[in-house]
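K.L.:
First the structure, then my questions, so here it is.
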Amino acid sequence: MTLFKIIKPSDERLLMNSKPEINTMKTSHLVKSILKALTMSLLSLGLVVQVYADRLDDIKKRGSLIIGIAPNSPGFSSTDNQGNRVGFDIDLTKAISAAILGDPNKTQLRPVKGKQAFPSLRAGTLDVLVHRFTWTLSRDAGSLNYTRVMNFDGQGFLIRKDLGVKKIADLNGAVLCVSQGSTSEMNVTDYFRKNGFTFELLAFQNNEQALTAYGAKRCDAMTTDSFGLAAHSQKLPDRSQHMILPERISKEPIGPLVAHGEDRLGDAVRWTLNALIAAEEMGITQANIDSLKKTSRNPEIKRLLGVSGNMGAKLGLSKDWSYNAIKAVGNYGEIWNRNLGPDTPLGLDRGLNALWNEGGLMMSMPFR
Amino acid sequence: MSMRRNALLTPKRREQIPALIFQVAIILLLVWIGWKMVLNAQSNLERLGISAGFGFLTSDAGFDISQKLIDFQEGSSYLQAMIAAYLNTIVLALSGILLCSVLGLIVAFTRFSKNPVLSLVAELYVETFRNIPLLLQIFFWYFGVIASLPSVRNSHILGSVVLNNRGLFLPAFQFTFFGVLVSAGLLICVVAAIIILYRKKTTYGRVDRKTWIWVLIVLSASLAILLFGGPLGKWELPVLSGFTYRGGLTIRPEFVAMLAGLSVYNSTFMSEIFRSGIISISKGQHEAAETVGLSGIKSNLLIVLPQALRVAIPPAGGQLQIVIKASSLSAAIAYPDIMSVIGGTIITQTSQAIECMFIIMGLFLATNLTLTWLLNTYNGFIMRRGGR
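Protein chains in written order, with my numbering: chain A, 1 to 368; chain B, 1001 to 1388.
Shown next, in the form of structure tokens:
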């Protein structure tokens, strides 16, 4: 602002054709103010330069975790009647918070939409992203790091039952609603072209709008990850008139992410998630964890719960990190049943997400 | 005051020196900040492992676009996707500009109507649509349009025209190559005829017989080519195939909703601009037109409007640029414009955010500057004709 005040009077004097000696005085004044402005801008540029520290230490010092979540995906991340965030992803955030900070509720949950999520994680405004993003090479090799797969999913098709479509091949020539820039958009294009089908693709900004257009019959089918379809279709008023075709056209492994280079935080998150799965493998539940911790003679359980060994210290966490996580939300199976299982509106089958020794793909890496 | 001075350093120039130093310093500072920003972005991109550059433009675009004016299919590149998207933006922007100007003009004159109901309706129209956010209006039109139209199986059918919630399907004329040549020739002939008539007009607005004969010869020659030259092409009709109609010309609900949103919203501002132009014309002009026996509509069109336009065109230009810029709201309802295709799909697929944003900004800037140039030319033209 001062800069303008200086130039203005001198302009007026130009008009009045005033005396030169006042000008010389003004000139030195001016040089000073220019120098001042230059130093100020140099200083402010210096302040912009970021200071990098280890993110895990930052989180512990801060005492809270900033986690990006899906804005509205019933069963995974949505708000219940009391206004609390609930869902599969939310339980994972609680487990991570309990493991790192000893308290499941020290999280600041930030609902982020597709396009903003990755840049926010990159820029460091989010610590962890517990969202619905598929693990792909470009994302992992880029500026993000996936920790581990928590859902094995595939891309499916939501259709109206009265359409008379029984399999994806019947959708030849259909109009499809999809959300923009998703892997779904590319998968469906690949699949339909590969099979020589004609189709028309309507790419909406997000799944909410795609679903609204689908609900208004603008398109014959909506396509995205089948869990996403199960979640979003809960918002349709006539849900029973719709169905998800059994076929899947892609592999969609989904799990939490951290920024590239945050190895210690990545390890902490990865092993917390492993602990949830290991707990199911070993039969540890929210209910029996306290008695098992006291009485169990199984060396694996003792290592996992921090009774013996120093697993926590290796990760830079407390001794009872995994106990806290499991105590907070239960094992993987309990989390699944609470949010997605047969007794919930989504009623999803475990399918590929069953434990490895029960015909699924879920396997905890060994706690050794 | 009589002082001897160097010719280069007149008192006036000497007084300008501080200002000059200051300006140079500001420019240097700006250049330096800009340079820092570029360096900073470069090092950050390197750190994040994002390769910069426009090499991705030639790789395969693994997605499809619903509305395309050019051939876009399997194996087409990102560049072709961008061109297809840009054409969609242009079609939407041009139709929006035309429709909102016409609507604006009609509403402006309606507000001056002597019928109080009519002028009240026009005022309500302006106040309602001007004060609701454009994005909401677009959603309203889109979901309103889809919801109120029948599904494909219950389409409204009138001859070869089909209307349902997938769009308005019209028969389209497919030109052969010969057809294109002949039609272009015809167009040239007609334009030539009009120019001849305009040029040869005498002071009394009459055209002499010799010119008329020339014009008739040109027109009948072209008519003869049209009749006996062979087929120009054939009509392609929309046919129901599977889930939807194909063939012919399809006007999709996304386009209709965007066009309706853009033109209704902006027509309210345009009508106010035209109204201010009309108010600036003195009442005497109107009365003078009446005394020479011109009807209300004629005096409006021939006397008031040409003068009002001179006042209205500069601000109207600004409003029309807003129409072009607002077309970028398309992504919300899946109309594949540049913002939607480049800023939505291509950015997330390629991670080339900076390049893509530069391309989008460049395209909007070029489009708007072209519009400004056209309007300035037109403005200059009517100023000269006005003789003021």
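Note that CB positions come from ideal geometry on N, CA and C, so glycine has one too.
None of these values were measured; they are calculated from a predicted model.
Which word fits B:I1033, buried or exposed, when buried means at least 16 other C-beta atoms lie within 10 angstroms of its C-beta?
P.N.:
Translated into the one-based positions of the second sequence, residue 1033 of chain B becomes position 33. Exposed, because fewer than 16 other Cβ atoms sit within 10 Å of the Cβ of B:I1033.
K.L.:
Count the other CB atoms within 10 Å of the CB of B:Y1142; is the residue buried (16 or more) or exposed (fewer)?
P.N.:
In the second sequence, counting from the first residue as 1, residue 1142 of chain B sits at position 142. Looking at its Cβ environment, which holds 16 or more other Cβ atoms inside 10 Å, B:Y1142 is buried.
K.L.:
Could you check whether the Cβ of B:R1166 sits closer than 8 Å to any Cβ belonging to chain A?
P.N.:
Taking the second sequence and counting its residues from 1, one reaches residue 1166 of chain B at position 166. True, the Cβ-Cβ gap to chain A drops below 8 Å.
K.L.:
Indicate the three-state DSSP secondary structure (helix, strand or coil) for B:Q1321 in the structure shown.
P.N.:
To locate residue 1321 of chain B, count along the second sequence from 1; it is residue 321. The three-state reading of DSSP puts B:Q1321 in helix, counting H, G and I together.
K.L.:
Please determine whether the Cβ atom of B:W1235 lies at a distance below 7 Å from any heavy atom of the ligand COA.
P.N.:
As for the ligand COA, it is missing from this structure, which has no ligand bound.
K.L.:
Name the residue from A:A268, A:D238 and A:I254 whose alpha carbon lies nearest to the alpha carbon of A:K161.
P.N.:
Numbered from its first residue, the first sequence carries residue 161 of chain A at position 161. The shortest Cα separation from A:K161 among A:A268, A:D238 and A:I254 belongs to A:D238.
K.L.:
Taking the C-alpha atoms as reference points, what is the distance between A:L45 and B:S1043?
P.N.:
What you label residue 45 of chain A is simply residue 45 of the first sequence in a count that begins at 1. What you label residue 1043 of chain B is simply residue 43 of the second sequence in a count that begins at 1. The predicted position of A:L45 is uncertain, since its pLDDT is 49 and thus under 50; no value can be drawn from it.
K.L.:
So, under 8 Å CB-CB, A:N145 and A:L56 are touching, yes? Tell me the CB distance rounded to an integer number of Å.
P.N.:
As a position in the first sequence, residue 145 of chain A is number 145, starting the count at 1. As a position in the first sequence, residue 56 of chain A is number 56, starting the count at 1. Not a contact, Cβ separation roughly 13 Å.
K.L.:
Out of B:L1186, B:A1061 and B:T1089, which has the shortest C-alpha to C-alpha gap to B:S1077?
P.N.:
For the purposes of this step, residue 1077 of chain B is taken as residue 77 along the second sequence, with counting starting at 1. Cα-wise, what sits closest to B:S1077 is B:A1061.
K.L.:
For B:I1225 versus B:L1168, is the C-beta distance shorter than 8 Å?
P.N.:
Counting from 1 along the second sequence, the entry for residue 1225 of chain B is found at position 225. Counting from 1 along the second sequence, the entry for residue 1168 of chain B is found at position 168. Result no, Cβ atoms of B:I1225 and B:L1168 do not sit closer than 8 Å.
K.L.:
In chain order, which beta strand (DSSP E) runs of at least 3 residues are fully inside the stretch 1242 to 1281 of chain B?
P.N.:
1244 to 1246 and 1249 to 1251
K.L.:
Which chain B residues sit within Cβ distance under 8 Å of A:A216?
P.N.:
In the first sequence, the residue the question calls residue 216 of chain A occupies position 216. Those within 8 Å of A:A216 in chain B are F1143, I1146, A1147 and N1165.
K.L.:
Give the DSSP bridge partners of B:N1164, in chain order.
P.N.:
In the second sequence, the residue the question calls residue 1164 of chain B occupies position 164. Partner(s): B:G1167.
K.L.:
Quick one: is B:L1298 buried, meaning 16 or more other Cβ sit within 10 Å of its Cβ, or exposed?
P.N.:
Within the second sequence, the letter at position 298 stands for residue 1298 of chain B. Correcting the residue type first, residue 1298 of chain B is Lys in the shown sequence and not Leu. It is exposed - the Cβ of B:K1298 has fewer than 16 other Cβ atoms within 10 Å.
K.L.:
Based on Cα-Cα distance, which residue from B:V1102, B:Q1067 and B:L1057 lies nearest to B:Q1080?
P.N.:
Counted from its first residue, the second sequence places residue 1080 of chain B at position 80. For B:Q1080, the nearest C-alpha among the options comes from B:L1057.
K.L.:
For chain B, find out if any of its Cβ atoms is closer than 8 Å to the Cβ of A:T189; answer yes or no.
P.N.:
Locating residue 189 of chain A in the first sequence gives position 189, where the first residue counts as 1. Chain B contact via Cβ: present.
K.L.:
Taking 7 Å as the limit between beta carbons, can you name the residues of its chain near A:N331, skipping five residues before and five after?
P.N.:
Within the first sequence, the letter at position 331 stands for residue 331 of chain A. Beyond the five residues adjoining it in sequence on each side, A:N331 comes within less than 7 Å, by CB distance, of L276, A279, E280, I284 and T285 in the same chain, given in chain order.
K.L.:
At a CB distance below 8 Å, what residues from the stretch 124 to 138 of chain A approach chain B? Give them in sequence order.
P.N.:
S138
K.L.:
Just the chain A side, please: which residues come within less than 8 Å of B:L1063 by C-beta, in chain order?
P.N.:
On the second sequence, position 63 is the one that residue 1063 of chain B refers to. At residue 1063 of chain B the sequence reads Phe, which differs from the Leu that was named. Near B:F1063 (Cβ distances below 8 Å), the residues of chain A are E185, M186, T189, L201 and A203.
K.L.:
What is the rounded straight-line gap between the Cα of A:L14 and the Cα of B:L1029?
P.N.:
Within the first sequence, residue 14 of chain A is the residue found at index 14, counting from 1. Within the second sequence, residue 1029 of chain B is the residue found at index 29, counting from 1. Any reading at A:L14 must be qualified, since the residue scores a pLDDT of 42, below 50, and its modelled position is unreliable; no value is offered.
K.L.:
Kindly provide the ranges of any alpha helix (DSSP H) runs that are 4 or more residues long and lie completely inside the stretch 56 to 96 of chain A, ordered along the chain.
P.N.:
The stretch 56 to 96 of chain A contains no whole alpha helix (DSSP H) run of 4 or more residues.
K.L.:
So, at 7 Å on beta carbons, what are the nonlocal neighbours of B:M1383 in its own chain, with the 5 sequence-adjacent residues on each side left out?
P.N.:
Within the second sequence, numbered from 1, the residue matching residue 1383 of chain B stands at position 383. So the list reads R1310, once near-sequence residues are dropped.
K.L.:
Below 8 Å on the Cβ atoms is my guess for A:A117 versus A:L129; work out the distance and round it to an integer in Å.
P.N.:
As a position in the first sequence, residue 117 of chain A is number 117, starting the count at 1. As a position in the first sequence, residue 129 of chain A is number 129, starting the count at 1. The pair is a contact, with the Cβ atoms about 6 Å apart (cut-off 8 Å).
K.L.:
So, is the C-beta of A:V258 closer than 8 Å to a C-beta in chain B?
P.N.:
Along the first sequence, one-based indexing puts residue 258 of chain A at 258. Closer than 8 Å: no.
K.L.:
For a test of the three-state rule: what should DSSP assign to B:H1156, helix, strand or coil?
P.N.:
Residue numbering aside, residue 1156 of chain B sits at position 156 when the second sequence is read from its first letter. Reduced to three states, the DSSP call for B:H1156 is strand.
K.L.:
A:S240: which of A:L346, A:G309, A:M150 and A:V112 sits nearest, CA to CA?
P.N.:
Here residue 240 of chain A is taken as the residue at index 240 of the first sequence, counted from 1. Of the listed residues, the one whose Cα sits closest to A:S240 is A:L346.
K.L.:
Just mark A:K94 as buried or exposed, buried being the case when its beta carbon has 16 or more other beta carbons within 10 Å.
P.N.:
By 1-based counting over the first sequence, the position of residue 94 of chain A is 94. Buried, by the Cβ-count rule.
K.L.:
Using a Cβ-Cβ distance under 8 Å, would A:K8 count as near chain B?
P.N.:
What you label residue 8 of chain A is simply residue 8 of the first sequence in a count that begins at 1. With a pLDDT of 42 at A:K8, under the threshold of 50, the predicted position of this residue should be treated as unreliable, though the coordinate-derived value follows. Not one chain B Cβ lies under 8 Å of A:K8.
K.L.:
As an exercise, report each continuous beta strand (DSSP E) stretch of at least 3 residues that is fully enclosed by the stretch 210 to 270 of chain A, in chain order.
P.N.:
221 to 225, 242 to 244, 252 to 254 and 257 to 259
K.L.:
Three or more C-beta pairs under 8 Å: does that hold for the stretch 160 to 177 of chain A against the stretch 284 to 303 of chain A?
P.N.:
With the cut-off at 8 Å, the stretch 160 to 177 of chain A and the stretch 284 to 303 of chain A do not touch.
K.L.:
Among B:G1053, B:V1038, B:E1046 and B:E1290, which has the Cα closest to the Cα of B:E1355?
P.N.:
Along the second sequence, read from residue 1 onward, the residue named residue 1355 of chain B stands at position 355. Residue B:G1053 is the option with its Cα nearest to B:E1355.
K.L.:
Per the DSSP calculation, A:N145 is bridged to which residue(s)?
P.N.:
For the purposes of this step, residue 145 of chain A is taken as residue 145 along the first sequence, with counting starting at 1. DSSP, once it has assigned bridges, lists A:V258 as partnering A:N145.
K.L.:
Please state the DSSP three-state secondary structure of A:P111.
P.N.:
Position 111 of the first sequence holds residue 111 of chain A. Reduced to three states, the DSSP call for A:P111 is strand.
K.L.:
Are B:F1243 and A:V175 touching if we call contact CB-CB under 8 Å?
P.N.:
Position 243 of the second sequence holds residue 1243 of chain B. Position 175 of the first sequence holds residue 175 of chain A. Taking 8 Å as the Cβ cut-off, B:F1243 and A:V175 qualify as a contacting pair.
K.L.:
Helix, strand or coil: how does DSSP classify B:W1032 here?
P.N.:
In the second sequence, counting from the first residue as 1, residue 1032 of chain B sits at position 32. Reduced to three states, the DSSP call for B:W1032 is helix.
K.L.:
Given a threshold of 16 other Cβ atoms within 10 Å of its Cβ, counted over all protein chains shown, does A:K167 qualify as buried or as exposed?
P.N.:
For this step, residue 167 of chain A is matched to residue 167 along the first sequence. Exposed.
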